[in-house]
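In our numbering, the protein residues as written are 31 to 312.
All residues carry an ideal CB built from backbone N, CA and C; glycine is no exception.
Inspection log for the structure reproduced underneath, given as structure tokens.
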Ligand SMILES: [Zn+2]
């Protein structure tokens, strides 16, 4: 099992590695910047980059994922926001490249009051520009499925299928599978049939081998409610048996898993990680 947690960023970027290591993580995810604000112009210093690389090697945290800001909307009908999102995304990839980070994770954008087809078209165009402008970069781009709240795209794997079809240079593009989002979007991962059905759908639409990361979260809302709310492992509606089935599924168990479960208490991450490890051992 390759297991880790999302480390929220206080202090220096390299300190996130210490947190991940202290929790016994193999892998981790961080935000590249404050997730709710646009870039403030400050960049990570060369010394901090050096220290990040040094500690990462020493602590053996692999792979490392960066989650993109929630403000970035590559499917936005607002041309200024769309262009700004592309620019911010490119800057994030360049920063990830400098840090030696493996993947950028992104929600698939929201079409606002236009149509899903129009949103998907803008998203494809944006990704083609981003990939072209960061040509030669080793940083992979992972498209994360959503719960489908509001006008967010990516709550059916048909969307990912259409997007991948439209991307000219596909080698750097993969998927992130968020289990809570899938459940909240209507895939019943609490039962075996629901999990099998989702995996079959992913297999036929895009291919499970494109999943490079699993956001392993339980779901705090009802099946198909489209509200994006994560829960502690085993405490939500996917439940203990459902989470155990996901963790041990032969097609999923070797994919890196990152917890984005609530940090309601100081030991929440530790408890959730311990539980996942126990479930993984069977
Ligand atoms: Zn997620």
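Buried versus exposed call for residue 180 [16 or more other C-beta atoms within 10 Å across all chains shown]: exposed
CB contact flag (residue 105, residue 141, <8 Å): yes
Exposed unless 16 or more other CB atoms sit within 10 angstroms - verdict on residue 249: buried
Runs of alpha helix (DSSP H) wholly within the stretch 138-188 (minimum 4 residues, chain order): 146-163
The stretch 268-276 touching the stretch 226-238, judged by at least three CB pairs closer than 8 Å: no
Residues bridged to residue 135 [DSSP beta-bridge criterion]: 97 and 172
Check your reading: residues with Cβ closer than 6 Å to ligand 1 heavy atoms: 174, 208, 245 and 290
Endpoints, beta strand (DSSP E) assigned at residue 242: 241-245
Same chain, Cβ closer than 8 Å to residue 220, five either side skipped, listed in chain order: 213, 253, 267, 268, 269, 271 and 272
Of the listed residues 276, 237, 103 and 198, nearest to residue 152 (C-alpha basis): 103
Residue 174 burial status per 10 Å Cβ neighbour count (16 or more: buried): buried
Cβ pair residue 285, residue 222 closer than 8 Å: no
First through last residue of the beta strand (DSSP E) which encompasses residue 59: 57-61
C-beta contact flag for residue 282 and residue 236 at 8 Å: no
Cα-Cα separation, residue 233 to residue 240: So the two alpha carbons sit approximately 9 Å from each other.
Residue 203 - containing beta strand (DSSP E), residue span: 203-208
Reduced DSSP category for residue 51 - H, G, I as helix; E, B as strand; rest coil: helix
Of the residues 257, 247 and 210, the one placed nearest residue 182, counting alpha carbons only: The residue among 257, 247 and 210 with its C-alpha nearest the C-alpha of residue 182 is 257.
Residue 41 burial status per 10 Å Cβ neighbour count (16 or more: buried): exposed
Which residues DSSP lists as bridging residue 36, in chain order: 59
Whole-number beta carbon distance between residue 209 and residue 160, since they are thought to touch under 8 Å: So it is not a contact: roughly 27 Å between Cβ atoms.
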